[in-house]
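Asks: Under this note's numbering, read the sequence shown as residues 74 to 520, first letter to last.
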Amino acid sequence: MSSSPLVSHTALEQPLAWFDGESISVSRFLADVAQVAAMLPSGDHVLNVCRDRYRFAVGLAAAITADKVSLLPPTHTLEMVQRLKAFAPDVFCLHDNPDCDIDLPRVLFPVLNGKTIGATRIPTIEDDRQVAIVFTSGSTGAPVPHPKTWGKLVLNVRAQAECIGLKQNSGCAVIGTVPPQHMYGFESTVLLPLQSGNVLCGIQPFYPADIVSALENNPVPRMLVSTPLHLRLLLEAGLNLPSVERVLSATSPLSLQLAGQVESAFGVPLLEIYGSTETGQIAIRRTTAGESWQLFPEVRLVERDERFWAEGGHIEQPVSLNDKIELLPDARFLLHGRLQDLVNIAGKRNSLASLNHHLTAIPGVLDGAFFMPDDASHEQVTRLAACVVAPGLSAHDVLDALRQCIDPVFLPRPLLFVDELPRNSTGKLPREALKQLIHSLTRSETA
Numbered sequence: 074m075s076s077s078p079l080v081s082h083t084a085l086e087q088p089l090a091w092f093d094g095e096s097i098s099v100s101r102f103l104a105d106v107a108q109v110a111a112m113l114p115s116g117d118h119v120l121n122v123c124r125d126r127y128r129f130a131v132g133l134a135a136a137i138t139a140d141k142v143s144l145l146p147p148t149h150t151l152e153m154v155q156r157l158k159a160f161a162p163d164v165f166c167l168h169d170n171p172d173c174d175i176d177l178p179r180v181l182f183p184v185l186n187g188k189t190i191g192a193t194r195i196p197t198i199e200d201d202r203q204v205a206i207v208f209t210s211g212s213t214g215a216p217v218p219h220p221k222t223w224g225k226l227v228l229n230v231r232a233q234a235e236c237i238g239l240k241q242n243s244g245c246a247v248i249g250t251v252p253p254q255h256m257y258g259f260e261s262t263v264l265l266p267l268q269s270g271n272v273l274c275g276i277q278p279f280y281p282a283d284i285v286s287a288l289e290n291n292p293v294p295r296m297l298v299s300t301p302l303h304l305r306l307l308l309e310a311g312l313n314l315p316s317v318e319r320v321l322s323a324t325s326p327l328s329l330q331l332a333g334q335v336e337s338a339f340g341v342p343l344l345e346i347y348g349s350t351e352t353g354q355i356a357i358r359r360t361t362a363g364e365s366w367q368l369f370p371e372v373r374l375v376e377r378d379e380r381f382w383a384e385g386g387h388i389e390q391p392v393s394l395n396d397k398i399e400l401l402p403d404a405r406f407l408l409h410g411r412l413q414d415l416v417n418i419a420g421k422r423n424s425l426a427s428l429n430h431h432l433t434a435i436p437g438v439l440d441g442a443f444f445m446p447d448d449a450s451h452e453q454v455t456r457l458a459a460c461v462v463a464p465g466l467s468a469h470d471v472l473d474a475l476r477q478c479i480d481p482v483f484l485p486r487p488l489l490f491v492d493e494l495p496r497n498s499t500g501k502l503p504r505e506a507l508k509q510l511i512h513s514l515t516r517s518e519t520a
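(1) Under the three-state reduction of DSSP, which class applies to P252: helix, strand or coil?
(2) Just how far apart, CA to CA, sit P436 and A139?
(3) If distances are taken between C-alpha atoms only, which option among H469, S115 and L321 comes closest to Y257?
(4) For R194, count neighbouring C-beta atoms within 10 Å of its own C-beta (all shown protein chains included) and say buried if the count is 16 or more, exposed if not.
(5) Leaving out five residues before and five after T222 in sequence, what residues of the same chain have Cβ atoms less than 8 Å from its Cβ?
(6) Considering only residues of the same chain and omitting the five flanking positions on each side of G441, which have a CB-CB separation below 6 Å?
(7) Run through the region 439–483 for me and flag every whole beta strand (DSSP E) of 3 or more residues, listed as ranges in chain order.
(8) Do you know whose CA, among L494, Y347 and L425, lies nearest R405's CA?
(9) Under DSSP, the alpha helix (DSSP H) around Q277 begins and ends at which residues?
(10) Along the chain, where does the alpha helix (DSSP H) that runs through M153 open and close?
(11) Bridge partners of C166, per DSSP?
(12) Which residues in the same chain have their Cβ closer than 6 Å to the Cβ of S81, if we skip the five residues on either side of it in sequence?
(13) Kindly indicate which residue of G410, R411 and A232 has the alpha-carbon position closest to the one of G386.
(14) Let me check understanding here. Comparing Cα to Cα, which of V375, R377 and A356 lies closest to Q367?
(15) What does the alpha-carbon distance come out to for the pair K501 and S328?
(16) Excluding the 5 residues flanking L151 on each side, which residues of the same chain have their C-beta closer than 8 Å to its C-beta?
(17) Can you pull the DSSP bridge partners for R380?
(18) So the candidates are T148, L103, A282 and A458; which of them puts its Cα closest to the Cα of V207?
(19) Please confirm if the region 118–138 is in contact with the region 239–246, defined as three or more CB-CB distances below 8 Å between the two stretches.
(20) Does the region 311–320 come close enough to the region 492–508 to have 3 or more Cβ pairs within less than 8 Å?
(21) Per DSSP, what kind of secondary structure is G94 in: helix, strand or coil?
(22) List in chain order: all unbroken beta strand (DSSP E) runs of 3+ residues lying wholly within the region 322–390.
(23) For L103 versus L133, is the C-beta spacing smaller than 9 Å?
(24) For the beta strand (DSSP E) that E199 lies in, which residues bound it at each end?
(25) Expressed to the nearest angstrom, what Euclidean distance is found between the alpha-carbon atoms of D396 and C274?
(26) Does the Cβ-Cβ distance between V180 and M112 come in under 9 Å?
(27) Let's see if you can read the secondary structure: which residues bound the beta strand (DSSP E) around I237?
(28) Output the boundary residues of the alpha helix (DSSP H) element that contains S100.
(29) Can you tell me the Cβ-Cβ gap for S77 and L89, rounded? I've got them flagged as a contact below 8 Å.
(30) Nearest chain C C-beta to T499 closer than 9 Å, yes or no?
(31) In whole angstroms, give me the CA-to-CA distance for S212 and F92.
(32) Using C-beta distances below 7 Å, list every residue in its chain close to L400, excluding the 5 sequence neighbours before and after it, in chain order.
(33) Quick check: the Cα distance between R516 and R486, rounded to an integer number of angstroms?
(34) Can you name the residues that DSSP bridges to V406?
(35) Classify R295: buried if its beta carbon has 16 or more other beta carbons within 10 angstroms, exposed otherwise.
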């Protein structure tokens with residue numbers, strides 16, 4: 074039976090992480106893993122909500138070595154926790170927040186003492202061992218579980234390291250603005266450094282000053298793993314940016330304009346990841362070099378039943394994609410928006426992604442999003458709504474700019490000005506959150 078190492082570092086004294094301003098060796102990491110594994114309850118399923126990335130990684134490795142499965146849901150709402158209970162009645166919560174009130178048996182992450190005797194060698198894990206179950210967001214129904222095996226996860230992030238040019242055992246510090254529980258954060262800020270012999274950084278900055286501080290206080294060379302939202306806010310802050318080797322972005326489409334600004338500000342390539350909870354990351358591109366995406370090695374896109382399916386490589390089983398795809402030679406493809414993204418008004422078609430692009434490209438617009446309401450009946454004329462963050466602009470300014478680039482039938486009615494959009498920690502804008510925001514604003518206007 075094949076197996077893969079828990080970490081791919083080649084020596085026990087090699088730096089593996091940066092935690093609380095201290096370099097953590099492989100040996101110390103394994104000692105911390107053993108300390109936490111020894112205190113885990115008997116349940117087979119762990120909800121690891123540790124906010125510090127190093128503690129999350131230790132908890133993950135402790136669960137793996139104790140033959141437990143980590144559950145990674147998209148949220149920790151009361152409803153989601155109830156679903157986890159039904160899915161895995163023995164689940165318990167590992168956390169590092171003394172105020173944690175998640176309604177599960179709770180285990181507070183211990184103070185790491187480094188005194189537990191670590192392994193004298195790096196352990197290996199069977200490739201077919203199920204180590205995690207990730208859940209889709211549930212935006213179109215109940216969240217769906219997707220099991221992940223150790224061998225496929227390792228294959229995934231090692232392919233990623235090759236595609237982004239991250240050298241094995243190069244000592245690169247990986248700093249992420251995305252949570253480790255999110256699939257992108259899980260792959261790119263936890264598994265990637267652990268499986269490329271590089272350095273995991275515990276801190277999770279969000280605000281621009283915190284991102285700059287995190288970069289300054291972690292060793293070089295450095296890589297920033299972020300999102301379009303974080304990157305835009307970082308550039309708008311006008312701070313002096315520390316050096317990095319590369320910048321990685323995912324979770325929502327990145328505009329060519331913002332990609333160019335990021336590359337100019339940092340002086341390094343910006344690479345964009347394409348993937349999903351179901352597939353994991355499957356493709357990459359340098360946004361400023363062209364629109365096409367390059368598939369990861371061994372991953373294929375196959376057209377069946379008028380949809381494209383991703384299969385091969387690290388993908389556990391064929392997955393139907395929710396995107397409109399145009400295949401190109403040499404394992405490349407173009408994206409043309411989401412299948413459910415298409416807007417048809419009065420016989421004219423557009424996509425929400427395209428409309429959002431035109432909206433946020435208007436000078437003075439900081440953020441914005443169109444919304445397609447639920448049709449009450451086939452007899453009603455569909456009216457798009459939009460929320461926009463644009464201090465200093467009027468509705469006339471925004472609508473006049475939109476008229477220059479979109480058909481009038483797609484102009485938003487109403488156009489609502491807000492201080493901010495309800496984006497989550499990865500910069501995504503859940504449809505239900507946007508729907509509730511628009512409902513509350515239009516209700517207050519008519520009250």
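For glycine and all other residues, C-beta sits at the position ideal for the given N, C-alpha and C.
Replies: Quick answer:
(1) It is coil, neither helix nor strand.
(2) One C-alpha to the other measures close to 54 Å.
(3) Residue L321 is the option with its Cα nearest to Y257.
(4) When all chains shown are included, R194 counts as exposed.
(5) Only D200, D201, R202, Q203, V204 and E389 meet the Cβ criterion.
(6) Close CB contacts of G441 within its chain, under the 6 Å cut and outside five residues either way in sequence, are with L432, T433 and V461 (chain order).
(7) Those beta strand (DSSP E) runs which fall completely within the region 439–483 and span 3+ residues are 440–444 and 458–462.
(8) The shortest Cα separation from R405 among L494, Y347 and L425 belongs to Y347.
(9) Per DSSP, Q277 lies in no alpha helix (DSSP H) and is assigned neither H nor E.
(10) That run of the alpha helix (DSSP H) goes L151 to F160.
(11) Under DSSP, the beta-bridge partners assigned to C166 are L120 and R179.
(12) The beta carbon of S81 sits closer than 6 Å to the beta carbons of Q268 and G270 from its chain, once the five residues preceding and following it are set aside; these are given in chain order.
(13) Of G410, R411 and A232, the residue nearest in Cα terms is A232.
(14) Of all alpha-carbon atoms in V375, R377 and A356, the one lying nearest the alpha-carbon of Q367 is that of A356.
(15) Answer to the nearest angstrom: the Cα atoms are 15 Å apart.
(16) If we look at L151 and ignore the five residues flanking it on each side, its Cβ neighbours are D176.
(17) Paired residue(s): R377.
(18) Of T148, L103, A282 and A458, the residue nearest in Cα terms is T148.
(19) Remark: fewer than three beta-carbon pairs, one from each stretch, lie closer than 8 Å, so the region 118–138 and the region 239–246 are not flagged as touching.
(20) No, they do not touch.
(21) Three-state result, G94: coil.
(22) DSSP runs (the beta strand (DSSP E)) wholly in the region 322–390: 343–349, 353–359, 366–368, 372–377 and 380–385.
(23) For L103 and L133, no; Cβs fall outside 9 Å.
(24) Counting along the chain, the beta strand (DSSP E) containing E199 begins and ends at T197 to E199.
(25) Here the C-alpha atom of D396 lies approximately 33 Å from the C-alpha atom of C274.
(26) Yes, Cβ-Cβ distance for V180 and M112 is below 9 Å.
(27) That residue, I237, is in no beta strand (DSSP E); its alpha helix (DSSP H) goes W223 to I237.
(28) Per DSSP, S100 belongs to the alpha helix (DSSP H) from V99 to A110.
(29) Incorrect: roughly 16 Å between the Cβ atoms, too far for contact.
(30) Although the question refers to chain C, the structure presented lacks it and comprises just one protein chain.
(31) Residue confidence is low: S212 scores 48 on pLDDT, short of 50, so the model does not pin down where it sits. No coordinate-derived value is stated.
(32) Here the set comprises L374 and F406.
(33) Those two C-alpha atoms are separated by around 14 Å.
(34) It should be pointed out that residue 406 corresponds to Phe in this sequence rather than to Val. Looking at the DSSP assignment, F406 forms a beta bridge with W366 and L400.
(35) Looking at its Cβ environment, which holds 16 or more other Cβ atoms inside 10 Å, R295 is buried.
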